[in-house]
Amino acid sequence: MPEDKIIVEGGRRLAGRIPVSGSKNAVLPIISAALLSSGQCRIIDVPDLADVGVMHQVLEGLGAKLSRQGKLLDVDASSLSSCEASDEMVRKMRASFLVMGPLLARMGQARVSLPGGCAIGTRPVELHIKGFEAMGASIRNEHGYVLAETSGLKGARIYLDFPSVGATENLMMAATLAKGSTVLENAAEEPEIVDLANFINGMGGRIRGAGTKIIKIDGVAELSGCEHQVIPDRIEAGSFLVAAAMTGGELTVDNVIPDHLKPVIAKLEEVGCPIDEEENSLHIRANGRLQAVDIKTLPYPGFPTDMQAQFMTLMTRARGASVITETVFENRFMHAEELRRMGADIRLNGRSAVVEGPSNLQGAAVKASDLRAGMALIIAALAAEGVSEIGNVNMIDRGYENLVEKLKRAGADIRR
Ligand code: UD1
Numbered sequence: 010m011p012e013d014k015i016i017v018e019g020g021r022r023l024a025g026r027i028p029v030s031g032s033k034n035a036v037l038p039i040i041s042a043a044l045l046s047s048g049q050c051r052i053i054d055v056p057d058l059a060d061v062g063v064m065h066q067v068l069e070g071l072g073a074k075l076s077r078q079g080k081l082l083d084v085d086a087s088s089l090s091s092c093e094a095s096d097e098m099v100r101k102m103r104a105s106f107l108v109m110g111p112l113l114a115r116m117g118q119a120r121v122s123l124p125g126g127c128a129i130g131t132r133p134v135e136l137h138i139k140g141f142e143a144m145g146a147s148i149r150n151e152h153g154y155v156l157a158e159t160s161g162l163k164g165a166r167i168y169l170d171f172p173s174v175g176a177t178e179n180l181m182m183a184a185t186l187a188k189g190s191t192v193l194e195n196a197a198e199e200p201e202i203v204d205l206a207n208f209i210n211g212m213g214g215r216i217r218g219a220g221t222k223i224i225k226i227d228g229v230a231e232l233s234g235c236e237h238q239v240i241p242d243r244i245e246a247g248s249f250l251v252a253a254a255m256t257g258g259e260l261t262v263d264n265v266i267p268d269h270l271k272p273v274i275a276k277l278e279e280v281g282c283p284i285d286e287e288e289n290s291l292h293i294r295a296n297g298r299l300q301a302v303d304i305k306t307l308p309y310p311g312f313p314t315d316m317q318a319q320f321m322t323l324m325t326r327a328r329g330a331s332v333i334t335e336t337v338f339e340n341r342f343m344h345a346e347e348l349r350r351m352g353a354d355i356r357l358n359g360r361s362a363v364v365e366g367p368s369n370l371q372g373a374a375v376k377a378s379d380l381r382a383g384m385a386l387i388i389a390a391l392a393a394e395g396v397s398e399i400g401n402v403n404m405i406d407r408g409y410e411n412l413v414e415k416l417k418r419a420g421a422d423i424r425r
């Protein structure tokens, strides 16, 4: 079978409306959190993504029963038969590590493969581990696996050296069924954390302060089932806005929570693309004249690292020099080399990239090194002269639902 590729003929303006799917980064921890409950959970607006499929398989491997109909996912974790997430799964998706907290809390034991390095830098888990230990778990490494055991988790005061999204989620989930109260200090404030807390509270959990730096969790003995609708994907929405800006288009992006996109909207306006906010949608008008801006990625509410690659593409079209500084992940500039193949003028210097624009991008054969890098290349291809072939498409399938169809409906010349 020939390798899957996305083919784009550049030069079409995006116009019309694009709907945004449920958030990948919200739904993954939510599916995992269903492991905490002995009731039935129904999750609504679940996007059809490769990563969601992996989490589905991980839970089935633990003995949970899942059934999916369209955008609905029912999870029944009333009886679990295993507490192990295999190497194969964690390698496919690092977020599989998020079953550690729920398993430890519910079963008193978890054996989860230690995530290795990945394309965007080493991504350690020591903050997760330190937190579990503070709650009374004993942890050891065994043949590439993290083995955690406890005779009962106890609430603790935990300060995170860095506001890690995954550590905040894993510890919040574990604390839900711990004895007593837990306080997470310097917690991550991302909207996906708030969505997870709302889901857990819907099951009867007692979490306060999610969305701020201090989260308080009062442990409960048991959780029941619930129904929960996942928030829209702010990164998908931001990616479409950037695609519109890149092609000088005029686009309405539907199903968004504008508040979640504040830092992205602010930068797009600074670039010269006015954005009108409505209750559930954002309307962008781009006229092709773009001004270079500097960008520094930071934990929420700062500029998201998951939008850095797409903005680097945009800056190739803007007038002037843009300095893009990545502070969240090391080595998250793999797309720069591919963009250069398309004619971009980008210099890397440690954690910063200097993009000199405007460049006339040219279609080329390029490869997606990770999910967001893949989207950045598609955005580049939409505005490039001629035809581009984007390879390693499975990276893009991890996090964008129906991407080709959505862009095609907005006027792009794109196919698989
Ligand atoms: C989540 C998102 C990802 C996003 C990232 C930052 C999901 C499924 N993924 O990833 O899309 O890019 O947040 O917004 O939600 N770190 C440590 N020790 C730890 C944990 C993290 O040093 O124990 C470091 C990481 O190496 C990284 C930084 O903290 O440099 C951010 O990681 P983290 O916030 O944990 O990201 P993820 O939860 O993996």
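Numbered per our numbering, the sequence shown finishes at 425, counting up by one with no gaps.
Built from N, CA and C at the ideal position, the CB exists for glycine as well.
Residues sharing a beta bridge with residue i, DSSP
{"i": "Tyr154", "result": "Ser122, Glu151"}
{"i": "Phe312", "result": "Thr306"}
{"i": "Val84", "result": "Cys50, Leu75"}
{"i": "Gly400", "result": "Lys376"}
{"i": "Val262", "result": "Ile27, Leu291"}
{"i": "Thr336", "result": "Thr336 is not bridged to any residue."}
{"i": "Lys163", "result": "Lys188"}
{"i": "Ala388", "result": "In the sequence on display, residue 388 carries Ile and not Ala. Answer is none; Ile388 lacks a bridge partner."}
{"i": "Arg328", "result": "Gln300"}
{"i": "Leu357", "result": "Ala362"}
{"i": "Arg424", "result": "Ile16"}
{"i": "Ala59", "result": "In the DSSP output, where bridge partners are listed per residue, Ala59 has none listed."}
Where residue i falls, given that 16 or more other Cβ within 10 Å makes a residue buried
{"i": "Ile7", "result": "Lying before the first or after the last residue shown, residue 7 is absent from the chain, which here runs from 10 to 425."}
{"i": "Ala374", "result": "exposed"}
{"i": "Leu386", "result": "buried"}
{"i": "Leu81", "result": "exposed"}
{"i": "His269", "result": "buried"}
{"i": "Phe320", "result": "buried"}
{"i": "Glu12", "result": "exposed"}
{"i": "Ala35", "result": "buried"}
{"i": "Tyr309", "result": "buried"}
{"i": "Ser46", "result": "buried"}
{"i": "Ser87", "result": "exposed"}
{"i": "Glu198", "result": "buried"}
{"i": "Arg328", "result": "exposed"}
{"i": "Gly189", "result": "exposed"}
{"i": "Ala73", "result": "buried"}
{"i": "Phe171", "result": "exposed"}
Whole-angstrom C-beta distance between residue j and residue i, which should lie under 8 Å
{"i": "Leu357", "j": "Leu291", "result": "So it is not a contact: roughly 31 Å between Cβ atoms."}
{"i": "Leu370", "j": "Ala345", "result": "About 13 Å; that fails the 8 Å criterion."}
{"i": "Ala176", "j": "His137", "result": "5 Å"}
{"i": "Arg115", "j": "Leu44", "result": "6 Å"}
{"i": "Pro124", "j": "Phe141", "result": "That belief does not hold up - the Cβ atoms of Pro124 and Phe141 are roughly 15 Å apart, past 8 Å."}
{"i": "Gly25", "j": "Leu260", "result": "7 Å"}
{"i": "Gly228", "j": "Thr159", "result": "With 8 Å as the limit, Gly228 and Thr159 do not qualify as a contact, their Cβ atoms being about 13 Å apart."}
{"i": "Ala390", "j": "Gly20", "result": "Not really, about 10 Å apart at Cβ, beyond 8 Å."}
{"i": "Thr322", "j": "Ile399", "result": "About 12 Å separates the two Cβ atoms, so there is no contact after all."}
Exercise. With a floor of 4 residues, list each alpha helix (DSSP H) that falls wholly inside the region 271-306, ordered by position along the chain.
Key: 271-280
Quiz item: Three or more beta-carbon pairs under 8 Å between the region 105-114 and the region 33-44, yes or no?
Solution: yes
Quiz item: Any chance the region 214-223 sits against the region 192-199, with 3 or more Cβ pairs inside 8 Å?
Solution: yes
Quiz item: Fully enclosed by the region 196-258, which beta strand (DSSP E) runs are 3 residues long or longer?
Solution: 215-217, 223-227, 235-238
Practice problem: Could you tell me whether the region 25-32 touches the region 406-418, using the rule of 3 or more Cβ pairs below 8 Å? | Solution: yes
Quiz item: Between the region 301-308 and the region 59-75, are three or more C-beta pairs nearer than 8 Å?
Solution: no
Quiz item: Does the region 359-366 come close enough to the region 331-344 to have 3 or more Cβ pairs within less than 8 Å?
Solution: yes
Quiz item: Okay, do the region 54-63 and the region 93-104 touch, 3+ Cβ pairs below 8 Å being the bar?
Solution: yes
Quiz item: Pairing CB atoms from the region 275-291 with CB atoms from the region 411-421, are three or more of them under 8 Å?
Solution: no
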